[in-house]
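K.L.:
Residue numbers (this note's numbering), protein chains in the order written: chain A, 203 to 426; chain B, 203 to 426.
1. Rounded to whole angstroms, what is the Cα-Cα separation between residue 422(B) and residue 244(B)?
2. Should residue 212(A) be labelled buried (16 or more other beta-carbon atoms within 10 Å of its own) or exposed?
3. Using the three-state DSSP reduction, which class does residue 240(B) fall into: helix, strand or coil?
4. Are at least three pairs of beta-carbons, each pair with one atom in the stretch 291–305 of chain A and one in the stretch 382–390 of chain B, less than 8 Å apart?
5. So what's residue 394(B) in DSSP terms, helix, strand or just coil?
6. Is there at least one Cβ from chain A nearer than 8 Å to residue 340(B)'s Cβ?
7. Give me the Cβ distance between residue 372(B) and residue 346(A), rounded to the nearest whole Å; I'm assuming they're in contact under 8 Å.
8. With distance defined between alpha-carbon atoms, name the residue in 280(A), 327(A) and 276(A) nearest to residue 354(A).
9. Quick one: Cα of residue 239(B) to Cα of residue 405(A), how far?
10. Among 389(B), 281(B), 401(B) and 257(B), which one has its Cα closest to the Cα of residue 415(B)?
11. Spatial neighbours of residue 286(A) within its chain, please: CB distance less than 7 Å, with the 5 preceding and 5 following residues excluded, ordered by chain position.
12. Express the C-alpha separation of residue 280(B) and residue 227(B) in angstroms, rounding to a whole number.
13. Out of 229(A), 246(A), 267(A) and 363(A), which one is the CA nearest neighbour of residue 313(A)?
14. Note down, one range per segment and in chain order, each beta strand (DSSP E) of at least 3 residues found wholly within the stretch 294–321 of chain B.
15. Using a threshold of 8 Å, state whether the C-beta atoms of residue 217(A) and residue 332(A) are closer than that.
16. Name the residue from 254(B), 370(B) and 350(B) whose alpha carbon lies nearest to the alpha carbon of residue 274(A).
17. Check each candidate in 246(B), 340(B), 306(B) and 254(B) and name the one with the smallest Cα separation from residue 220(B).
18. I'd like to check one pair, residue 340(B) with residue 237(B): are the Cβ atoms closer than 8 Å?
19. Quick one: is the Cβ of residue 409(A) within less than 7 Å of any heavy atom of the ligand NAD?
20. Please report how far the alpha carbon of residue 374(B) lies from the alpha carbon of residue 247(A), in whole angstroms.
21. According to DSSP, is residue 264(A) part of a helix, a strand, or is it coil?
22. According to DSSP, is residue 373(A) helix, strand or coil?
23. Would residue 297(A) and residue 267(A) qualify as a contact pair, given that the criterion is a beta-carbon distance under 8 Å?
24. Could you give the distance in angstroms between the alpha-carbon of residue 378(B) and the alpha-carbon of residue 344(B)?
25. Would you kindly work out how many angstroms separate the C-alpha atoms of residue 291(B) and residue 261(A), rounded to a whole number?
26. Could you list which residues in chain E have their beta carbon closer than 7 Å to that of residue 351(B), in chain order?
27. Is the shortest distance between the beta-carbon of residue 246(B) and the beta-carbons of chain A less than 8 Å?
28. Between the Cα of residue 278(B) and those of 317(B), 270(B), 249(B) and 271(B), spot the shortest distance and give me the residue it belongs to.
29. Given residue 271(B), which residues of its chain have a CB within under 7 Å of its CB, disregarding the five upstream and five downstream residues?
30. Rounded C-beta distance between residue 320(B) and residue 336(B)? I'm assuming under 8 Å.
31. Assign residue 241(B) to one of two classes, buried (16 or more other C-beta atoms within 10 Å of its C-beta) or exposed (fewer than that).
32. At a Cβ cut of 7 Å, what residues of the stretch 271–282 of chain A count as close to chain B, listed as they run along the chain?
33. When you compare the CB positions of residue 316(A) and residue 418(A), do they come within less than 8 Å of one another, or not?
34. Is residue 365(A) helix, strand or coil by DSSP?
35. Does chain B have any CB closer than 8 Å to the CB of residue 203(A)?
Rendered as structure tokens:
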């Protein structure tokens with residue numbers, strides 16, 4: 203297995219170079235970009251839908267969905283009201299990388315977009331190893347996954363900028379030790395911005411939308 | 203990225219060779235071995251606990267846990283009554299492979315074991331690409347993940363021998379279209395043996411334990 207290490211390192215540094223290019227393109231067009239990462243079924247797509255529905259009247263939104271095989275998620279984003287939605291089928295690859303995002307960006311008119319949401323492949327490990335070149339990496343945790351996840355997936359919890367704790371409506375029905383979960387998060391990523399919410403009931407969604415709104419508005423070119 | 207392909211192919215065929223060696227060792231010792239695969243938080247460890255608790259009086263059990271960083275799962279298996287439990291910390295690797303299992307097997311006295319459960323890393327994509335050399339690959343799906351998972355992770359659903367649908371106690375609290383889920387499973391893996399159950403309430407666990415019991419007993423050397 204040691205034979206692979208140099209190759210992996212080369213891919214990673216090439217990836218970082220492309221990620222920097224992606225970020226420069228987004229900055230030049232004043233687009234604020236988020237990358238949603240999560241386990242399968244934590245609710246990334248539901249959060250995309252909630253976010254698009256909540257902000258479509260304020261901002262011009264685009265969604266890029268990474269998936270192994272289907273376009274179910276991109277269709278859901280369009281139904282919710284995204285101006286543009288693009289599906290990246292990774293053909294089995296377990297994560298998005300900067301070159302996939304670069305290719306997807308060529309299909310978007312960035313001057314016609316304020317906010318870009320990238321929905322990564324459902325995987326709590328591999329996506330965290332590949333920077334895409336966005337402004338904010340968001341981890342979507344969920345209550346039924348269990349409170350031990352920060353301890354078991356430290357690399358991902360350590361590297362993210364923002365944490366959403368989804369499915370809080372299920373707290374009465376599943377054992378979940380919130381203090382234990384929060385302690386793990388705090389050890390790995392002290393003070394990370396956190397939004398507990400439910401995409402089903404809508405509880406907590408307003409605070410999340412207000413935070414994104416502030417990020418997008420901060421990037422707008424001041425009018426003289 | 204194409205540069206990596208030959209290396210990956212070499213690793214995979216080396217892996218298959220080692221998997222065949224692992225299977226031969228298990229067969230020589232009449233050990234029945236299962237590999238549990240699932241998303242993070244689908245309930246692999248809870249299923250290990252239920253299985254160990256339900257079968258520890260009948261069989262001599264060993265558990266091998268794959269995890270990125272902690273030994274939480276191995277400790278849970280021991281508390282539940284496994285004769286031996288071994289932790290493989292992958293140090294960030296997103297899956298177990300045959301060489302990791304081979305190394306772990308050197309720490310076990312296979313003549314003192316009837317049933318071996320390998321708990322893979324929580325990941326619905328990568329573990330399915332690496333055979334370990336066990337008799338049965340078990341996918342643990344769970345209700346809160348959502349019913350679209352077979353469609354979105356077809357490689358994993360296609361390749362498994364047995365499907366557990368865990369957390370059926372949450373069916374009243376989350377939207378889950380069982381007919382849609384089952385249709386996806388049937389398309390990819392027609393007739394796969396399926397156990398809907400709840401590790402919390404215990405519903406459905408007896409059928410699962412009866413199935414394992416039958417597999418282990420079928421491998422026992424007939425007494426003259």
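Glycine included, every Cβ here is placed at the ideal spot set by N, Cα and C.
P.N.:
Per the coordinate set shown:
1. 31 Å
2. exposed
3. Looking at residue 240(B) - three-state DSSP - the assignment turns out to be coil, as it is neither helix nor strand.
4. Contact between the stretch 291–305 of chain A and the stretch 382–390 of chain B is absent, because fewer than three Cβ pairs lie under 8 Å.
5. Residue state, collapsed to three classes: coil.
6. no
7. 7 Å
8. Minimum Cα distance to residue 354(A) is reached at 327(A).
9. 33 Å
10. 257(B) is the residue among 389(B), 281(B), 401(B) and 257(B) whose C-alpha sits nearest the C-alpha of residue 415(B).
11. 264 and 310
12. 24 Å
13. 229(A)
14. 317–321
15. yes
16. Closest in alpha carbon position to residue 274(A), among 254(B), 370(B) and 350(B), is 350(B).
17. 306(B)
18. yes
19. Annotation note on the ligand NAD: not contained in the displayed structure, which lists no ligands.
20. So the two alpha carbons sit approximately 21 Å from each other.
21. Of the three classes helix, strand and coil, the one that applies to residue 264(A) here is strand, per DSSP.
22. coil
23. In this structure, residue 297(A) sits away from residue 267(A), with a CB-CB distance that is not shorter than 8 Å.
24. Taking the CA atoms as reference points, residue 378(B) sits about 10 Å from residue 344(B).
25. 45 Å
26. Note that chain E does not occur in the displayed structure, where the protein chains are A and B.
27. no
28. 249(B)
29. 291
30. 6 Å
31. buried
32. 271, 272 and 274
33. Yes, Cβ-Cβ distance for residue 316(A) and residue 418(A) is below 8 Å.
34. strand
35. The pLDDT assigned to residue 203(A) is 34, lower than 50, so where the model puts this residue is not dependable; a value taken from the coordinates is nonetheless given after this. Chain B, which has a Cβ nearer than 8 Å to the Cβ of residue 203(A), makes this yes.
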